[in-house]
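Notes to accompany the following structure.
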Amino acid sequence: MSYYVRPGRRVFATVAVVSSLAMIATFGLSQAASAGSSKSSGLAIAEKALAPYTGHPSVFPVTEKLRKKPAPGTKIAYLECGAPVCAQFAAALQGPMTAMHAKLTVISAGLFSSTVQSAAEAALALHPAAVLVAGTTLSEVGDKLQALEQAGTPVFGIGATGGQQYGLTAVSGGQSDDVKGGQLMADWVLVHKGTHANVVFFGAPELSFSPYMWTAFSAQLKKICPTCKASESDLSVLTYGTTAPSAIVSYLRANPSVNTAVFPSEEGATGLPSALSEAGLSSITTFGFAPDSVNLADIKSGQLTGGLGLDVTTEVWQISDIIAKTLTHQKPQASEEGGVIEVLNKSNVTSYDVKNGWSGYPDVAKRFASLWP
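Per our numbering, the very first residue in the sequence shown carries number 12; after that it's consecutive.
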């Protein structure tokens with residue numbers, strides 16, 4: 012644009028330029044304000060989402076009493092997947108099964124389709140009143156799942172996805188929890204790392220819930236923090252506690268801009284603090300779902316940043332209550348299908364948690380004693 016359109020018009024041209032520059036400046040400020048507002052909006056969304064699980068566990072999920080227990084000696088078969096958390100479920104099941112006077116049979120289902128189907132066959136041969144599956148990709152059960160259902164045996168799930176699709180009677184900690192867990196971990200990343208977070212999500216191919224968590228995590232992070240980055244890398248549960256730390260370090264060295272590692276099961280970070288320290292990568296922020304006792308000790312000492320605690324013991328009592336109510340023709344509460352969780356960090360992990368595993372409700376057995384006849 013010329014300042015001299017024609018003699019005598021210089022002032023008007025200058026005014027036009029100043030006006031244009033003012034408009035541009037105003038537009039720029041408006042854009043900056045809009046960007047700032049977007050960032051604030053995303054942070055506000057994240058903080059609001061985390062609030063129900065920050066500083067305290069989520070609400071205790073069971074309030075309705077069990078009117079009648081199943082008959083003493085009722086046979087219940089548990090198909091135990093090969094992931095460490097499934098062994099935790101097996102140990103925690105002893106309490107409610109004893110209180111119910113039920114006969115529990117734990118059958119190893121492993122991590123592969125062939126072993127899962129063999130376990131389902133073994134359960135079918137027991138003629139149990141109910142079957143419980145945990146952490147298993149239900150498609151791998153094949154026609155054995157249908158055979159159980161056709162035999163009139165209700166099948167329940169804990170930490171199993173696609174339960175409705177495969178005809179499971181009820182699931183505690185199912186797909187909706189997986190999605191929520193992934194979203195909350197993304198919220199946590201924004202709150203703790205800000206808009207420059209660069210995240211690797213170490214997905215576990217053997218865990219049925221891992222893909223759901225990753226999809227929810229990546230979508231939520233993109234929504235609340237467009238400038239944040241996230242990528243996924245597979246980390247087999249077969250390597251947890253053995254070669255997983257070295258694989259994680261190798262990934263981080265190959266991707267030096269990554270500043271945060273997230274796990275669908277924080278057991279994937281077992282042994283990681285020392286490996287990060289030796290590699291000079293101790294500044295990496297770490298967060299994961301359902302930290303176990305080893306992870307909790309590392310969080311308490313500050314060697315892992317935090318975790319989204321899952322109250323395994325309470326969840327096991329929940330599914331036991333669901334089974335008992337179903338077998339005695341009482342409708343369970345919808346709230347029983349969601350797990351108890353809390354955002355954990357160095358300040359709120361206790362010595363009790365490290366010794367016993369995290370529990371939002373350590374008095375869970377007493378709570379159910381007041382709910383069960």
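Backbone N, C-alpha and C fix where the C-beta goes; we use that ideal spot for every residue, glycine too.
What residue from the options has the CA that sits closest to residue i's CA?
i: residue 111; options: 332, 289, 144; result: 332
i: residue 166; options: 86, 105, 228; result: 86
i: residue 306; options: 375, 69, 168, 279; result: 279
i: residue 277; options: 268, 264, 266, 301; result: 301
i: residue 152; options: 287, 128, 237; result: 128
i: residue 84; options: 355, 126, 116; result: 116
i: residue 348; options: 354, 334, 339; result: 334
i: residue 97; options: 126, 170, 123, 70; result: 170
i: residue 262; options: 371, 139, 285, 243; result: 243
i: residue 61; options: 324, 201, 80; result: 201
i: residue 370; options: 266, 294, 319; result: 319
i: residue 139; options: 338, 267, 253, 197; result: 338
Beta-carbon of residue i versus every beta-carbon of chain D: anything under 9 Å?
i: residue 203; result: Absent here is chain D; the protein component of the structure consists of one chain.
Between which two residues does the beta strand (DSSP E) harbouring residue i extend?
i: residue 182; result: 181–183
i: residue 359; result: Careful: residue 359 lies outside any beta strand (DSSP E) and carries neither H nor E.
i: residue 3; result: The requested residue 3 is not part of the displayed model; the chain covers only 12 to 384.
i: residue 317; result: 317–321
i: residue 91; result: 86–92
i: residue 342; result: Looking at the DSSP string, residue 342 is not in any beta strand (DSSP E), and its letter there is neither H nor E.
i: residue 209; result: 209–214
i: residue 167; result: 166–169
i: residue 245; result: 240–245
i: residue 114; result: 114–121
i: residue 65; result: Segment: none, residue 65 is in no beta strand (DSSP E) and carries neither H nor E.
i: residue 281; result: Segment: none, residue 281 is in no beta strand (DSSP E) and carries neither H nor E.
i: residue 298; result: 296–299
Taking the alpha-carbon positions, what's the residue i to residue j distance?
i: residue 141; j: residue 51; result: 49 Å
i: residue 368; j: residue 341; result: 31 Å
i: residue 105; j: residue 322; result: 16 Å
i: residue 304; j: residue 219; result: 22 Å
i: residue 281; j: residue 78; result: 42 Å
i: residue 373; j: residue 381; result: 15 Å
i: residue 453; j: residue 352; result: The structure shown does not extend to residue 453, since the chain is modelled only from 12 through 384, so no value can be given for it.
i: residue 113; j: residue 150; result: 28 Å
i: residue 264; j: residue 356; result: 26 Å
i: residue 155; j: residue 239; result: 44 Å
i: residue 158; j: residue 131; result: 9 Å
i: residue 69; j: residue 59; result: 14 Å
i: residue 186; j: residue 174; result: 8 Å
i: residue 378; j: residue 108; result: 15 Å
i: residue 253; j: residue 123; result: 20 Å
i: residue 384; j: residue 324; result: 20 Å
Compute the distance between the beta-carbons of residue i and residue j, then report whether it is under 9 Å.
i: residue 292; j: residue 309; result: no
i: residue 225; j: residue 298; result: no
i: residue 241; j: residue 211; result: yes
i: residue 145; j: residue 223; result: no
i: residue 57; j: residue 235; result: yes
i: residue 359; j: residue 53; result: no
i: residue 375; j: residue 100; result: no
i: residue 213; j: residue 245; result: yes
i: residue 289; j: residue 249; result: no
i: residue 204; j: residue 270; result: yes
i: residue 164; j: residue 189; result: no
i: residue 183; j: residue 350; result: yes
i: residue 120; j: residue 147; result: yes
i: residue 143; j: residue 330; result: yes
i: residue 160; j: residue 118; result: no
i: residue 286; j: residue 268; result: no
i: residue 247; j: residue 272; result: no
Between which two residues does the alpha helix (DSSP H) harbouring residue i extend?
i: residue 151; result: No alpha helix (DSSP H) contains residue 151, which DSSP labels as neither H nor E.
i: residue 144; result: Taken as a continuous stretch (DSSP letters only), residue 144 belongs to no alpha helix (DSSP H), being part of the beta strand (DSSP E) at 141–145.
i: residue 79; result: Run containing residue 79: none; DSSP gives neither H nor E here.
Taking 8 Å as the threshold, find out whether the stretch 120–140 comes into contact with the stretch 362–376 through three or more Cβ pairs. no
Inter-stretch contact at 8 Å, needing at least 3 Cβ pairs: the stretch 74–88 / the stretch 334–351: yes
Inspect the CB distances between the stretch 187–204 and the stretch 227–237 and report whether three or more fall short of 8 Å. yes
Decide if the stretch 178–189 is in contact with the stretch 202–211; the criterion is three or more beta carbon pairs, one per stretch, under 8 Å apart. no
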